[in-house]
Amino acid sequence: MNDSSPKDPNYEARVRESFARQGLMATLGASLIRVAPGQVEIALFPSAAVSQQHGYVHAGALASIADSAAGYAALTLMPPGAGVLTAEFKINLMAPGLGERMTARGQVIKAGRTLTLAQAEVFALNDGSEKQIALLTATLMAVAGREGVKD
Numbered sequence: 001m002n003d004s005s006p007k008d009p010n011y012e013a014r015v016r017e018s019f020a021r022q023g024l025m026a027t028l029g030a031s032l033i034r035v036a037p038g039q040v041e042i043a044l045f046p047s048a049a050v051s052q053q054h055g056y057v058h059a060g061a062l063a064s065i066a067d068s069a070a071g072y073a074a075l076t077l078m079p080p081g082a083g084v085l086t087a088e089f090k091i092n093l094m095a096p097g098l099g100e101r102m103t104a105r106g107q108v109i110k111a112g113r114t115l116t117l118a119q120a121e122v123f124a125l126n127d128g129s130e131k132q133i134a135l136l137t138a139t140l141m142a143v144a145g146r147e148g149v150k151d
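Here it is in structure tokens:
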């Protein structure tokens, strides 16, 4: 990771407040576990509400927590007043979402003034052991001055 110095001393509160406004994360039952410069961790506990027809956590739910983890990791390094929007992402699903908890760990790879490259690894916890089940890479855009887009 390159420069991981936050441009906003209140980055953690800013990320937590923004996450709390995300309706999708609330609908999925996801929770924000950790916020650090250039890093964010989001947990999701499997339930019938986020499962697919075979009982695994749905790929859409995994992609959603991974996208948010990458996006919020990027936001930790953005200046005050900037919002973050995903410009693109790609996700590789390596194993079914099966376990006691799904955890997405987002990390900034390269932070730029406008575009940030980040990734999120998703792990399934089973009997105290984690297994990586997905990898997301994303390009995030810092947005300022656009109506409706903030922190």
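Residue numbering for the sequence shown follows full-length UniProt numbering, starting at 1 and increasing by one per position. Glycine included, every Cβ here is placed at the ideal spot set by N, Cα and C.
Just to confirm, are PRO37 and THR86 a CB contact at a threshold of 9 angstroms? No; because the gap between Cβ atoms is not below 9 angstroms, this pair is not in contact.
Looking at the structure shown, is MET25 part of a helix, part of a strand, or coil, going by DSSP? helix
At 4 residues or longer, what runs of the alpha helix (DSSP H) sit wholly inside the UniProt domain "Thioesterase" (54 to 128)? Within the UniProt domain "Thioesterase" (54 to 128), the complete alpha helix (DSSP H) runs of at least 4 residues are 59 to 75.
Below 8 angstroms, can you find three or more Cβ-Cβ pairs linking the region 106 to 121 to the region 44 to 54? no
Going by DSSP, what residue range makes up the beta strand (DSSP E) through ARG34? 31 to 36
Closest to ALA111 by CA distance: which of PRO9, ALA74, ALA59 is it? ALA74
If you check the beta carbons only, do ALA61 and THR137 fall under 9 angstroms apart? no
Can you find the residues in the same chain that come closer than 8 angstroms, C-beta to C-beta, to GLY145, ignoring five residues on each side of it along the sequence? none
If you follow the beta strand (DSSP E) that residue 195 is part of, which residue opens it and which one closes it? What is shown of the chain runs 1 to 151, which leaves residue 195 out entirely.
Give the single residue among GLN22, VAL143, ILE133, GLN119 whose Cα lies nearest to the Cα of MET94. ILE133
Cα-Cα, which of LEU98, ARG101, ILE65, GLY99 is closest to ILE91? Each of LEU98, ARG101, ILE65, GLY99 was checked against the Cα of ILE91, and the nearest Cα belongs to ILE65.
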